[in-house]
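First up is the structure itself, then whatever we jot down about it.
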Amino acid sequence: MIHSPMSKQTYRVCFCFQRRFRIPPAEPPNGIKTLFNQYSENNLMDANHLQRFLVEVQKQDKATIADAETIITQNTPFIFHRKGFNLEAFFRYLVSATNSVLSPSHSASQDMTAPLSHYFIYTGHNSYLTGNQLSSDCSDVPIIQALERGVRVIELDIWPNSTKDDVLVLHGRTLTTPVELRTCLMSIKNHAFSASEYPVVVTLEDHLTTDLQAKVAEMIHQIFEDMLFTPDKDCLEEFPSPESLRKRVMISTKPPKEYLKGEKSAKKGNGSQEKDSSVEAWGGEIPSSADVYLIDDSDDSDDDDDEDLQADNVASEYKSLIAIHAGKGKGGLDDWLKVDPDKVRRLSLSEHELEKAAKTHGPQIVRFTQRNILRVYPKGTRFNSSNYNPLVGWMHGAQMVAFNMQGYGRSLWLMQGMFRANGGCGYVKKPQLLLKGGDEIFDPRIQLPVTMTLKITLYMGEGWYYDFEHTHFDAYSPPDFYARIGIAGVLADSVIKKTKMVEDSWNPAWNEEFEFCITVPELALLRIEVHEYDMSEKDDFAGQTCLPVKELSKGIRSVPLYSQKGDIYPSVKLLMSLNTL
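Its first residue numbered 193, the sequence shown is counted upward by one per residue in my numbering.
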């Protein structure tokens, strides 16, 4: 979007004085002007020129003349201009949504016929909470919002009501206000496949008596009917594929704990709340995956342990609907990570348990996740619904890295970025290196050779002029924008760099080049943040995005930016060049 030439904005400096700034229109960077001259004739880029540009610069090898003609027609507002692009029209096309950095397709592009254990799955934690973990309301609204964003795993904590004759969803032993289980299940049924047709897993954290378990089983069957997937035998020998489970709902659970865990959690809740800077828009960096190997072993206070379902404390009709059995069993880590050739299961570890296990059992965790499902959940002291570094789980093959979706911050931005891959369907195929067996089993602690070099030119940004009040960033002058750009991935790939600051401009032109050497591109995310420099206070947040490196479109691309909560801005975008070697 390009605003009218030479707009003006006035800023009040003090009671008596004002400063007036000319706001020039966004202009094509010099690199874009050079490309236009190269692929045009007499200041006109016709369909033949554009088709050659698409093939040679954008690396769209299958682009045809007809494709180029369609692009010109769709991006030229006046009929008498539709013979081709002039420089301004070409520039407008490049910054438009039709030239996005990711494929606009909302269908899965990866193989979806492998077992569920071969995929990272978009997973929520305490999906019913509207805010913090201690006193916020429980509701079906955040469940609906999560499903509409493509989340595929919904977690519900189910408890008896005060009269022990019905079931409520709430965070036990806290001040959270409950919501009826039926309300949550109906919302899941109605919204499960609004963003993706691939299966939804409902994990039930069960604190029920046998009678109430039977009631829940009846409720689940009544609500989901044919949508419900129930296995033919007690335990699956192998998980089915996402493709075979289209528009199906699966149940995963563990046994009740007779409130013991809840009481234990309530006692632990008396401690001080840990501050987590990632919940702030401009807070500290995401903890490095290197910190995994520096964890203090003394803190083992997490309370979400799994136990095997026992016939004497589980209603038979309840047990029969469980498709993904949760079980940690007795013993220590070696026992937890044993791979049974005859059945598969789900193991849950807290973020701290995973970090501690990673120091000594990295390859064993990877091997376990090749057949079984590993769920990782936030530590109990994240009362403010903050999150942790998801890459620790992903690099060890964990399929369900459970996040508090109602929060925001850099960790959640990475989660949202990972699941922009594969058409946003909520399932992302794990890289082959996490599926190799025998002597080739992946060890996340060992650095691999560089397999990709990502070259980026960050030309410019625009759109803040339309999406923000003119004094939003600075009361006295137009904003001073700079960008942070980097890679989040395995330890060897993680890096962040920074552009220069462009003063007093709503359309900052950075024109800076960056190069990133990447060892595991399948686990790499391109991180971009834009901030406005403030001399006297904390720098202002101005947009962010995280993008899966393996799915980046090559060439000159438009990159939309998102708010702190992950909502796309209507107008704010960057113009970048991306190429790989």
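Glycine included, C-beta positions come from ideal geometry on N, C-alpha and C.
Just so we're clear, the structure is a prediction, and the values are computed from it rather than from any experiment.
I think residue i touches residue j, with their Cβ atoms under 8 Å apart; what is that distance to the nearest whole Å?
i: VAL293; j: LEU744; result: 6 Å
i: TYR619; j: ILE313; result: 6 Å
i: ILE336; j: SER379; result: 5 Å
i: SER512; j: PRO307; result: Actually they do not touch by this definition, with Cβ atoms about 22 Å apart.
i: SER774; j: PHE431; result: With the chain running from 193 to 773 in the structure shown, residue 774 is simply not present.
i: PHE660; j: ALA515; result: Not a contact, Cβ separation roughly 47 Å.
i: LYS757; j: TYR580; result: At roughly 18 Å, the Cβ-Cβ gap does not stay under 8 Å, so LYS757 and TYR580 are not in contact.
i: LEU400; j: ILE443; result: About 14 Å separates the two Cβ atoms, so there is no contact after all.
Check each candidate in the options and name the one with the smallest Cα separation from residue i.
i: CYS709; options: LEU377, LEU242, ASP685, ALA675; result: ASP685
i: PHE634; options: HIS588, VAL441, VAL361; result: HIS588
i: VAL343; options: HIS363, HIS317, GLY364, ASP329; result: HIS317
i: PHE706; options: ALA306, LEU566, LEU650; result: LEU650
i: ALA675; options: GLU721, PRO740, SER669; result: GLU721
i: GLU630; options: GLN562, MET304, ASP424; result: Here residue 630 is Gly; the residue named in the question, Glu, does not match the sequence. Looking at the Cα atoms, GLN562 is the closest of the given residues.
i: LEU718; options: THR645, ASP659, ILE350, HIS363; result: THR645
i: LEU626; options: PHE665, PHE277, VAL558; result: VAL558
i: LYS439; options: TYR761, ASP418, GLU429; result: ASP418
Roughly how many angstroms separate the alpha carbons of residue i and residue j, rounded to a whole number?
i: GLU280; j: SER288; result: 12 Å
i: GLY521; j: TRP528; result: 7 Å
i: LEU606; j: PRO555; result: 24 Å
i: MET597; j: PRO391; result: 19 Å
i: LYS453; j: ALA300; result: In this predicted model, LYS453 has a pLDDT of only 44, less than 50, meaning its place in the structure is not dependable enough to derive any value.
i: LEU236; j: GLY735; result: 34 Å
i: GLU347; j: SER697; result: 45 Å
i: PRO533; j: VAL345; result: 25 Å
i: VAL823; j: THR643; result: Absent from the structure is residue 823, since the part of the chain shown begins at 193 and ends at 773.
i: GLU261; j: SER578; result: 48 Å
i: ALA507; j: VAL394; result: 18 Å
i: ASP494; j: VAL593; result: Low confidence applies to ASP494: its pLDDT is 43, below 50, so where it sits in the model is not reliable, and the reading given next is rough at best. For ASP494 and VAL593, the distance between alpha carbons rounds to 16 Å.
i: THR268; j: ASN240; result: 16 Å
i: SER232; j: GLN250; result: 16 Å
i: SER763; j: VAL751; result: 11 Å
i: ALA503; j: THR402; result: Legend: pLDDT at ALA503 = 46, less than 50; position of this residue unreliable, value from coordinates given subsequently. The alpha-carbon atoms of ALA503 and THR402 are separated by roughly 10 Å.
i: THR290; j: HIS662; result: 28 Å
i: SER755; j: PHE733; result: 9 Å
i: GLY519; j: ILE565; result: 11 Å
i: ILE478; j: LEU546; result: 17 Å
i: VAL371; j: CYS330; result: 6 Å
i: LYS446; j: LEU396; result: 7 Å
i: THR552; j: ALA680; result: 23 Å
i: GLU499; j: GLY364; result: With a pLDDT of only 47 at GLU499, under 50, the local geometry of the prediction cannot be trusted, and the value read off the model is given with reservation. Taking the straight line joining both Cα atoms gives about 19 Å.
i: ASN324; j: PHE595; result: 13 Å
i: HIS664; j: ASP672; result: 12 Å
i: ASP526; j: ASP357; result: 40 Å
Apply the 10 Å Cβ neighbour rule to residue i and answer buried if 16 or more other Cβ atoms are within range, or exposed otherwise.
i: MET727; result: exposed
i: ALA384; result: buried
i: VAL531; result: exposed
i: THR366; result: buried
i: GLN624; result: exposed
i: ALA716; result: buried
i: GLN608; result: buried
i: SER769; result: buried
i: SER464; result: Low per-residue confidence applies at SER464: pLDDT is 38, beneath 50, and the placement is therefore not dependable, though the value from the model is reported in the following sentence. It counts as exposed.
i: SER354; result: exposed
i: GLN414; result: exposed
i: GLU450; result: The predicted position of GLU450 is uncertain, since its pLDDT is 40 and thus under 50; no value can be drawn from it.
i: THR573; result: buried
i: PRO221; result: buried
i: HIS298; result: exposed
If I measure Cβ to Cβ from residue i and keep anything under 7 Å in the same chain, skipping five residues before and after, which residues do I get?
i: ASP759; result: none
i: HIS517; result: CYS427, LEU501, ARG537, ARG538
i: LEU404; result: PRO352, VAL359
i: PHE282; result: PHE228, MET237
i: SER328; result: LEU321, THR322, THR368
i: PHE416; result: LYS381, VAL441
i: GLU341; result: Looking at the sequence provided, one finds Arg at residue 341 rather than Glu. Contacts found: ALA387.
i: ASP253; result: VAL247
i: CYS376; result: TYR320, ASP332, ILE335, LEU348, VAL361
i: ILE257; result: ALA239, ASN240, GLN243
Below 7 Å, is the gap between the Cβ of residue i and the nearest heavy atom of the ligand MN?
i: MET768; result: Although the ligand MN was asked about, the structure shown includes no ligands whatsoever.
Could you name the residues of the same chain whose beta carbon sits closer than 8 Å to that of residue i, not counting the 5 residues immediately before and after it, in chain order?
i: ASP731; result: TRP474, HIS723, GLU724, TYR725
i: GLU410; result: GLU509
i: ALA255; result: GLN243, LEU246, VAL247
Looking only at its chain, what residues have a beta carbon closer than 6 Å to the beta carbon of residue i, apart from the 5 residues adjacent to it on each side?
i: GLN302; result: ASN614, LYS621
i: GLY653; result: PRO700, LEU766
i: GLY461; result: No answer about GLY461 holds up, because its pLDDT of 41 lies below 50 and its placement is not dependable.
i: THR691; result: TYR674, ALA675, TRP702, GLU704
Under 8 Å between C-beta atoms, does residue i make it to chain D?
i: LYS551; result: Among the protein chains of the structure shown there is no chain D, as only one such chain exists.
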